[in-house]
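Going by the numbering used here, the residue at position 84 of the sequence shown is 86; the numbering climbs one at a time, nothing skipped.
We put the beta carbon where it would ideally sit given N, CA and C, even for glycine.
Since the structure comes first, as structure tokens, the remarks are kept for the end.
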Amino acid sequence: YGSQVSFTTSPALSLATVTTASVSTFTSTTALLGGNVTSDGNATVTERGVCYSTSPNPTTVNNKTVIGSGTGIFSTTVTGLAANTTYYVKAYAINSQGTSYGSQVSFTTSPALSLATVTTAAVSTFTSTTALLGGNVTNDGNAAVTERGVCYSTSQNPTTANNKTVIGSGTG
Numbered sequence: 003y004g005s006q007v008s009f010t011t012s013p014a015l016s017l018a019t020v021t022t023a024s025v026s027t028f029t030s031t032t033a034l035l036g037g038n039v040t041s042d043g044n045a046t047v048t049e050r051g052v053c054y055s056t057s058p059n060p061t062t063v064n065n066k067t068v069i070g071s072g073t074g075i076f077s078t079t080v081t082g083l084a085a086n087t088t089y090y091v092k093a094y095a096i097n098s099q100g101t102s103y104g105s106q107v108s109f110t111t112s113p114a115l116s117l118a119t120v121t122t123a124a125v126s127t128f129t130s131t132t133a134l135l136g137g138n139v140t141n142d143g144n145a146a147v148t149e150r151g152v153c154y155s156t157s158q159n160p161t162t163a164n165n166k167t168v169i170g171s172g173t174g
């Protein structure tokens with residue numbers, strides 16, 4: 003027999019392990035998306051990020067946002083989303099063994115915001131020094147109406163910069 007020598011084999015290579023972060027911060031057109039590469043599978047993670055779609059089970063073929071490389075937590079704000087739309091998201095990581103995906107999460111963007119819709123009631127009850135004024139907020143524009151009332155002036159087209167009377171909040 004010859005002299006004994008020893009060696010250690012390289013660790014087995016596998017896909018990276020990645021988790022998808024829940025989506026809790028979003029608006030009608032943006033969302034904070036991310037994940038965490040918890041293991042590189044003994045091969046360098048060359049790309050990581052999120053992929054998303056309006057259809058379930060998105061892959062990197064769909065919309066994707068690259069958010070660096072390596073292991074660890076990552077996130078970014080994605081813009082240009084459609085309002086009031088459900089999106090499906092998966093974090094992904096790429097190493098020499100291929101692409102791995104985190105579990106799918108979903109969220110629905112907020113409805114688009116707009117100005118409230120309001121009508122002015124006709125003035126039918128008045129005297130020489132008083133008038134009954136009012137209106138109706140019929141749509142809040144997908145945002146809370148924090149103040150409602152009437153504005154008036156001796157000139158045409160009064161605004162809240164003129165005289166105004168606050169009559170509550172909300173719709174109605």
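- Using a Cβ distance threshold of 9 Å, GLY151 and SER116 do not count as a contacting pair.
- Between THR67 and THR32, the beta carbon gap of about 12 Å keeps them out of contact (Cβ cut-off 8 Å).
- Residue state for ILE96 is assigned as strand, using DSSP reduced to three classes.
- In the structure shown, ALA133 falls within a strand segment according to DSSP collapsed to helix, strand and coil.
- Between the beta-carbon of ALA23 and that of GLY37 there is about 5 Å, and that keeps the pair under the 8 Å contact cut.
- Within the DSSP secondary-structure output, GLU49 pairs in a beta bridge with ILE96.
- In this chain, the beta strand (DSSP E) harbouring ASN165 covers 165-168.
- Within a 10 Å sphere around the beta-carbon of ALA124 sit fewer than 16 other beta-carbons, which makes this residue exposed.
- Taking 8 Å as the upper bound for CB-CB distance, SER41 and TYR90 are not in contact here, some 24 Å apart.
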